[in-house]
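J.: In case it helps, the working numbering puts the sequence shown at residues 57 to 414.
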Amino acid sequence: MAVQDSSTTGRGSATGTGVSLVDLRRTYGTLNALDGFSLDIAPGEMVVLLGPSGCGKTTALRILAGLDRADAGEVRVGGEDITRVPANKRDMGMVFQAYSLFPHMTVRDNVAFGLRLRGQDRGRRLARSREVLDLVGLSAFEDRYAHQLSGGQQQRVALARALAVEPSVLLLDEPLSALDAKVRVQLRDEIRRVQLDVGTTTLFVTHDQEEALAVADRVGVMNAGRLEQLAPPTELYARPASRFVAEFVGLSNRVRTEVSGGKAALLGAHVPLLDGSVQDGAGHALVRPEAVQVDEGGTPNARVVAVAFLGPFSRVQARLDDGQLVTAQTSSSLAARLVQDAPVRLEVDTEAVLVVGD
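(1) For the pair the region 237-244 and the region 217-224, tell me if three or more CB-CB distances fall below 8 Å.
(2) Looking at C-alpha atoms only, which residue of V225, S224 and D199 is the closest neighbour of V213?
(3) Ignoring anything shorter than 4 residues, give me the alpha helix (DSSP H) runs that lie fully in the region 96-173, in order along the chain.
(4) To test your reading of the DSSP string, which unbroken beta strand (DSSP E) runs of 3 or more residues are found completely within the region 169-253?
(5) Select from L123, G318 and V133 the residue whose C-alpha is nearest the C-alpha of D96.
(6) Quick one: Cα of P159 to Cα of A202, how far?
(7) So is T162 in contact with chain C if we call contact Cβ pairs under 9 Å?
(8) Which residues bound the alpha helix (DSSP H) around V395?
(9) In chain order, which beta strand (DSSP E) runs of at least 3 residues are fully inside the region 255-305?
(10) Please look up how many angstroms separate the CB atoms of S12 and V78, rounded, as I've assumed it's under 8 Å.
(11) Can you say whether L189 is buried or exposed, counting buried as having 16 or more other CB atoms within 10 angstroms of its CB?
(12) Taking 9 Å as the cut-off, decide whether the C-beta atoms of V350 and L390 are in contact.
(13) Please classify F260: is it buried, with 16 or more other beta-carbons within 10 angstroms of its beta-carbon, or exposed?
(14) Can you tell me where the beta strand (DSSP E) holding G337 begins and where it ends?
(15) Taking all protein chains shown into account, decide if E230 is buried (16 or more other Cβ within 10 angstroms of its Cβ) or exposed.
(16) Contact between the region 114-121 and the region 172-187 is defined here as three or more beta-carbon pairs at a separation below 8 Å; is this criterion met?
(17) Please report how far the alpha carbon of T64 lies from the alpha carbon of P356, in whole angstroms.
(18) Express the C-alpha separation of E291 and R274 in angstroms, rounding to a whole number.
(19) So for A408, helix, strand or coil by DSSP?
(20) Let's see if you can read the secondary structure: which residues bound the beta strand (DSSP E) around N309?
(21) Give the DSSP-derived three-state secondary structure of E346 in the structure shown.
(22) Using DSSP's beta-bridge definition, name the partner residues of T86.
(23) Which residue marks the beginning of the beta strand (DSSP E) containing S370, and which one marks its end?
(24) For F365, count the other beta carbons within 10 Å of its own beta carbon; 16 or more makes it buried, fewer makes it exposed. Which is it?
(25) Candidates S195, Y155 and L227: which alpha carbon is nearest G208's?
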């Protein structure tokens, strides 16, 4: 899985607006959708909320948008409490999974719709719509209608429409999940480029791990209405703060280990522990496949079970001498030489590891 640390990427010229969600609570019957959820987004930052269905990420976004109301807690934008401010007065742009374009309007008129509602004159509407259509690469399509566009193009129009009103905050709710895989990747990168160019503070909700890690300044992993961890993508991936984060984000092997002296005995190495680990005795180390090295030489401690070719890299599943199955990620050139039941040596190459109990 590609992991990008976007926190040092340059920002656009806009300064952005800070957002704070403070101790939000929201229940639906017996379901605690948000259970003391708090989040601060810096001006111009893109935070992505990631988590399984029902974890509360969309509820948090809808409360920020004013489309839902928290049972308790505060919503602050630019330091102002807007908890009770209606949605149409919150100065936010939204892009949903459904494109929701007006079929009887041209691309240009769709983009200019919000400006018309705000009483902008025709000249200003035309100039601004052309400006944002150029930003998303659709200036040549301004006279077309929705049915004349691909899904990816329609979602670009939806993004342009949200940006046209120059919102203080941009909200993206699963905007790419209805698209084909290749288009999704292209538009994901396009959204990040545009967000950096414009500098708009952005909250992006997704269940797609790769999507979150690729575009975010920080990723917030949610579970049962709470934030399990909020961190830059590289930190989140390499140093998960909890068992849930380690197992939810990316792939992890569970390898039996013994812990003593602040280190885990693991495939012949002694690896330092991450915070939250079992501190003594038996446990399971959660090890990323790319941290497992495959060596054709040396003293073998495993045998190849299967090889999955994934283009520039491959995943090798091997069975340790003690019966445990471990997946390693390696170059496809090395993997091509491995046959089923071939003896190999597996070793661990990582700075630290999270060890959990049974």
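Glycine residues also receive a C-beta, built at the ideal position from the N, C-alpha and C atoms.
T.: Reading from the atomic positions:
(1) no
(2) Answer by Cα proximity: D199.
(3) 113-121 and 163-173
(4) Fully enclosed beta strand (DSSP E) runs of no fewer than 3 residues occupy 225-229 of the region 169-253, in order along the chain.
(5) V133
(6) Cα to Cα, the separation comes out at about 6 Å.
(7) The displayed structure is made up of one protein chain only, and chain C is not part of it.
(8) That residue, V395, is in no alpha helix (DSSP H); it is neither H nor E in DSSP.
(9) 257-262, 274-279 and 282-287
(10) Here the chain comprises residues numbered 57 to 414, so residue 12 is not present and cannot be evaluated.
(11) buried
(12) Taking 9 Å as the Cβ cut-off, V350 and L390 qualify as a contacting pair.
(13) buried
(14) G337 to V343
(15) That one is buried.
(16) no
(17) Summary for T64: the model assigns pLDDT 40, below 50, so the residue's position carries little reliability, and this model does not support an answer.
(18) In this structure, the alpha-carbon of R274 lies about 9 Å from that of E291.
(19) coil
(20) N309 to S316
(21) helix
(22) The partner list for T86 (beta bridge, DSSP) is empty, contrary to what the question assumes.
(23) In the DSSP assignment, S370 falls within the unbroken beta strand (DSSP E) covering F369 to L376.
(24) exposed
(25) Y155
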